[in-house]
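Residue numbers (the working numbering): 6 to 414.
Here it is, written out as structure tokens:
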């Protein structure tokens with residue numbers, strides 16, 4: 006049996022204000038064609054289908070059109086679990102309707118864990134795959150908060166909760182395999198941060214729990230799982246050195262930190278319960294380029310890209326010591342006649358850093374949520390000794406807001 010594992014589509018995500026629907030559409034068209042050409046039997050999407058809990062109508066249209074197209078292909082099953090960016094209730098709302106298309110959606114941890122164990126059958130009605138469809142496990146799903154508990158207590162409870170959840174779901178899956186007969190592979194999904202996972206600056210990966218808690222060790226996952234399909238981290242990678250535990254990574258570069266990174270989906274083929282994995286590279290639909298250096302280096306790189314007729318979106322990072330007051334004007338002149346576009350300019354001049362000045366083109370898009378709060382504390386001259394407690398409370402508030410399903414009633 007052959008499956009494809011993908012995740013972190015983030016449909017609807019923008020890049021410094023630029024909408025990217027054409028890229029998302031091109032990727033989903035490519036994915037549907039790849040499913041058909043590789044004769045894939047099942048598609049697994051390991052979370053963060055959308056970038057927002059309230060996706061736009063166009064984002065929804067792309068998602069549902071893709072599901073309808075795949076349902077009419079050779080692909081017999083689609084399994085979709087929610088990530089931390091998704092609204093569980095929004096994904097779950099059409100669940101019964103999508104079942105008619107053999108699309109199985111799990112938006113949140115189920116009250117009955119048996120609902121997270123899916124037995125997928127072939128055209129003859131024979132069981133061919135068991136999926137432990139575990140979505141992003143929200144804090145409230147896996148632990149009970151207590152007043153006065155330490156950060157260490159919270160982390161221990163989170164990890165214990167994740168371990169218990171996977172142990173219980175895997176035990177149910179193994180029991181089903183025993184009832185159906187040996188030789189049926191078990192695949193589990195997850196949307197979490199595995200210990201040792203690789204990230205890159207500016208990829209938009211949001212902390213799952215307060216203070217980056219609960220980096221999950223591979224020992225948490227039961228041994229009966231034949232392939233672990235993970236989402237959340239945008240860099241394609243193995244987990245714990247195992248080919249059978251993988252992050253597929255995001256199919257599009259989510260920030261300039263991912264410019265030049267090869268994107269892929271995971272093709273997993275089973276011989277009995279043994280999984281072999283091949284990465285299928287995703288085409289680049291919109292080039293991103295980070296141009297760094299002093300003015301001489303930046304202008305030379307822009308000339309080189311222009312000569313190659315590049316259509317890249319650019320982030321320009323000026324690192325020269327010379328104070329360039331007309332940086333933007335110089336850049337506009339350098340790009341005149343080209344098909345490139347600058348989405349972001351960062352000026353890292355030493356003089357600016359020393360004087361603590363904020364560049365006039367800096368926007369909220371340039372800052373992380375923690376950095377915005379820290380600047381607020383500095384602007385209001387909050388004493389240094391008070392800041393750690395305030396930052397921790399701020400992060401707890403953010404985590405609570407992110408975990409809250411705003412669309413649920």
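Even for Gly, the Cβ is constructed at its ideal location relative to N, Cα and C.
Cα-Cα separation, residue i to residue j
i: residue 328; j: residue 321; result: 15 Å
i: residue 299; j: residue 305; result: 10 Å
i: residue 296; j: residue 97; result: 42 Å
i: residue 383; j: residue 392; result: 9 Å
i: residue 227; j: residue 175; result: 7 Å
i: residue 127; j: residue 107; result: 11 Å
i: residue 60; j: residue 312; result: 39 Å
i: residue 14; j: residue 163; result: 26 Å
i: residue 216; j: residue 158; result: Residue placement at residue 216 is flagged as unreliable, the pLDDT there being 47, under the threshold of 50; a coordinate-derived value is accordingly withheld.
i: residue 274; j: residue 282; result: 6 Å
i: residue 229; j: residue 82; result: 22 Å
i: residue 188; j: residue 178; result: 13 Å
i: residue 310; j: residue 336; result: 13 Å
i: residue 202; j: residue 220; result: 8 Å
i: residue 69; j: residue 334; result: 44 Å
i: residue 303; j: residue 323; result: 8 Å
i: residue 262; j: residue 204; result: 10 Å
i: residue 71; j: residue 168; result: 34 Å
i: residue 94; j: residue 56; result: 15 Å
i: residue 185; j: residue 100; result: 26 Å
i: residue 103; j: residue 73; result: 9 Å
i: residue 415; j: residue 259; result: The shown model of the chain, from 6 to 414, leaves out residue 415, and the question about it has no answer.
i: residue 301; j: residue 386; result: 39 Å
i: residue 34; j: residue 390; result: 53 Å
i: residue 374; j: residue 8; result: 37 Å
Status (buried if at least 16 other CB within 10 Å, exposed otherwise) for residue i
i: residue 143; result: buried
i: residue 381; result: exposed
i: residue 314; result: exposed
i: residue 6; result: buried
i: residue 125; result: buried
i: residue 67; result: buried
i: residue 287; result: buried
i: residue 346; result: exposed
i: residue 362; result: The predicted position of residue 362 is uncertain, since its pLDDT is 49 and thus under 50; a value taken from the coordinates is nonetheless stated next. Residue 362 is exposed by the Cβ-count criterion.
i: residue 19; result: exposed
i: residue 279; result: exposed
i: residue 293; result: buried
i: residue 418; result: Absent from the model: residue 418. The displayed extent of the chain is 6 to 414, so no value can be given.
i: residue 166; result: buried
i: residue 339; result: buried
i: residue 25; result: buried
i: residue 42; result: exposed
i: residue 113; result: buried
Integer Cβ distance of residue i from residue j, believed to fall under 8 Å
i: residue 76; j: residue 17; result: Contact doesn't hold; Cβ gap of about 22 Å is too wide.
i: residue 136; j: residue 123; result: 4 Å
i: residue 134; j: residue 47; result: 6 Å
i: residue 140; j: residue 86; result: 4 Å
i: residue 225; j: residue 171; result: 6 Å
i: residue 121; j: residue 290; result: That pair is no contact at about 34 Å.
i: residue 138; j: residue 109; result: 7 Å
i: residue 32; j: residue 257; result: 6 Å
i: residue 78; j: residue 37; result: 7 Å
Contacts around residue i, its chain only, beta-carbon distance under 7 Å, and the 5 residues preceding and following it disregarded
i: residue 378; result: 396, 399
i: residue 341; result: none
i: residue 182; result: 135, 189, 191
Nonlocal neighbours in the same chain, by C-beta distance under 8 Å from residue i, ignoring five residues either side
i: residue 284; result: 241, 269, 270, 271, 272
i: residue 359; result: Low confidence applies here, because residue 359 scores a pLDDT of 44, under 50, leaving its location unreliable; read the following figure in that light. Cβ within range, chain order: n/a, list empty.
i: residue 223; result: 199, 200, 244, 245, 247, 250
i: residue 12; result: 50, 51, 52, 53, 88, 196, 234, 235, 236, 237, 252, 253, 254, 255
i: residue 344; result: 314, 315, 316
i: residue 115; result: 121
i: residue 231; result: 190, 191, 192, 249, 275, 278, 279, 280
i: residue 365; result: Reliability of the predicted coordinates at residue 365 is poor, the pLDDT of 49 falling under 50, and no value is obtained from them.
i: residue 148; result: 159, 162, 163, 165, 166
i: residue 353; result: 322, 323, 324
i: residue 30; result: 67
i: residue 308; result: 339
Own chain residues within Cβ distance below 6 Å of residue i, not counting five before or after
i: residue 80; result: 40, 45, 48
i: residue 349; result: 21, 320
i: residue 318; result: 293, 346, 348
i: residue 173; result: 118
i: residue 90; result: 53, 56
i: residue 84; result: 49, 109, 136, 138
i: residue 351; result: 322
Proximity test, Cβ basis, 8 Å: residue i and chain D
i: residue 348; result: Although the question refers to chain D, the structure presented lacks it and comprises just one protein chain.
Jot down the residue ranges of each uninterrupted beta strand (DSSP E) in the segment 266-317, minimum 3 residues, whole runs only, in chain order. 269-276, 279-286, 293-298
Counting only runs that start and end within the segment 78-103, where is the alpha helix (DSSP H) found for 4 or more residues in a row? 93-97
Mind pulling the beta strand (DSSP E) runs of 3 or more residues that sit fully within the segment 129-212? 132-137, 191-196
Every unbroken beta strand (DSSP E) inside the segment 44-78 [3 residues or more]: 47-51
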